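Only one structure is covered here, and it is reproduced in the block below.
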Amino acid sequence: MATANKNLSEHKANQLPDISYKKFALVIAEWNEEITQALGTGAMSTLIRYGARKENIVIKYVPGSYELTLGAQWLAQDTSVDAVICLGCVIQGETPHFDYICQSVAQGIKDVALKYNKPVIFGVLTTLNLIQAQERAGGKHGNKGDEAAMTAIKMLGF
Ligand code: RBF
95 MATANKNLSE
105 HKANQLPDIS
115 YKKFALVIAE
125 WNEEITQALG
135 TGAMSTLIRY
145 GARKENIVIK
155 YVPGSYELTL
165 GAQWLAQDTS
175 VDAVICLGCV
185 IQGETPHFDY
195 ICQSVAQGIK
205 DVALKYNKPV
215 IFGVLTTLNL
225 IQAQERAGGK
235 HGNKGDEAAM
245 TAIKMLGF
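Next up, the structure:
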C-alpha cells in the first residue's frame, strides 16, 4: 500500500456525497488484532466524521485476512448494505505464505465488488514487519482504515 506519495484521505470536501442514509459494513480480520482494531477505529471515526450514522454501520470479525473475502461476500449480498470495507494486516516476515494470502484477498475482494456491483474496499496492510504496520495504523503514515473509509465514501459519490 503506497503511503509516502499518496494519501487517500485527501479530497475536495464539496465533492463528497451525503452518506447520512448510507449503510456501511466493516469486516475486520482478528489476526494482528492490535493493528486491525486500530484500522477499524480509524474507519469508524472517518465514517462518522463525514456523516454516517452509527446505527448504519455494522462490524463483523473474521479470523484472518484470508477469510475477509467470504465475510465481505456475506455482507455485500445484503441489498441494504451500500459499501463494504475490508480491514486486515498481513506481515511478510511472519507469514511464509504471505503472497498466497495477499493475492487471494486482493482478487477475492475485487470479485465480490464486481459480483455485487458495489464498493468493496481493500483496506489490508501488507507490510514487511510489525513496525511498518504500526506506522500505517495510526502512526507516522496515518491510518489506512481512515483512508479505506474515505475510499468507500468517494466511491458512493461516483
Ligand atoms: N492472517 C492475517 O490476517 N495476517 C497474517 O499475517 C497471517 N499470517 C498467517 C501465518 C500463518 C503461518 C498461517 C497458517 C495463517 C496466517 N494468517 C494470517 C491467517 C489466515 O489469514 C487464515 O485465517 C488462516 O490461514 C485460516 O484460513
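If you're matching positions, the sequence shown starts at 95 in my numbering and goes up one per residue.
Built from N, CA and C at the ideal position, the CB exists for glycine as well.
Values in this document were obtained by computation on a predicted structure and should not be read as measured data.
A distance of 8 Å or more separates the beta carbons of residue 136 and residue 112. Under the three-state reduction of DSSP output, residue 232 falls in the strand class.
The secondary-structure analysis by DSSP pairs residue 129 with nothing; it has no beta-bridge partner. In this structure, the beta-carbon distance from residue 227 to residue 179 does not fall below 8 Å.
Shown here, residue 173 sits in coil according to DSSP, grouped into three states, outside any helix or strand. Taking the CA atoms as reference points, residue 159 sits about 11 Å from residue 203. Closer than 7 Å to some heavy atom of the ligand RBF: that describes the Cβ of residue 126.
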